[in-house]
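S.K.: Numbering (the numbering used here), first residue to last: 1403 to 1534.
In this text, a Cβ means the ideal position worked out from N, Cα and C, and glycines have one as well.
In this text, all values refer to a predicted model and were calculated from it rather than measured experimentally.
This is the structure, below, for whatever I ask next.
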């Protein structure tokens, strides 16, 4: 990924990025890209659903990855997948795309949580109710 190290550092600490000499234009580019994604999302799905579109792919990807590169890649893929499937579904069903995109993401999160809670634990021999 282009500028991986710089974007990684900028994601956590902008002051540190300035101290180690990461150019300001990279920080500016990062901010502009994030702003463009948020404003484009608002046009497609509405203001209230933007937070779900930003947080749910991250929540899903966190359950499946261990490294930061894989985490970023999977978050992007989950977001893109849900938007494409949601827009196509909304077009054919003649409904609002915002709600269906979030519903798809919530279903994906629920499937992830179900899979990791029950299926993975059964293979490892862990009883789900042992903490109660």
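Once you ignore the five residues that flank residue 1534 on each side, which residues in its own chain have a CB closer than 7 Å to its CB?
M.R.: In this prediction, residue 1534 scores a pLDDT of 41, lower than 50, which makes its location untrustworthy; the coordinate-derived value is nonetheless stated afterwards. No residues qualify anywhere along the chain.
S.K.: Leaving out five residues on either side along the sequence, give the residues of the same chain with a beta carbon under 6 Å from the beta carbon of residue 1448.
M.R.: Here the set comprises 1500.
S.K.: Counting pairs of Cβ atoms below 8 Å between the segment 1467-1482 and the segment 1416-1428, do you hit three or more?
M.R.: No: the two stretches stay apart, fewer than three of their Cβ pairs being nearer than 8 Å.
S.K.: Within its chain, find whatever has a CB closer than 7 Å to the CB of residue 1409; leave out the 5 residues flanking it on each side and keep chain order.
M.R.: Excluding positions up to five away in sequence, the list reads 1432.
S.K.: Helix or strand or just coil, what does DSSP make of residue 1407?
M.R.: Residue 1407 falls in the helix class under three-state DSSP.
S.K.: Closer than 8 Å is the cut-off here; do at least three beta carbon pairs connect the segment 1482-1490 with the segment 1502-1515?
M.R.: These segments touch.
S.K.: Going by C-alpha distance, which of 1488, 1521, 1457 is nearest residue 1474?
M.R.: Of 1488, 1521, 1457, the residue nearest in Cα terms is 1457.
S.K.: When you compare only the Cα positions, how much space is there between residue 1496 and residue 1488?
M.R.: Approximately 11 Å, taken between the alpha carbons.
S.K.: The alpha helix (DSSP H) spanning residue 1487 covers which residue range?
M.R.: Residues 1470-1495.
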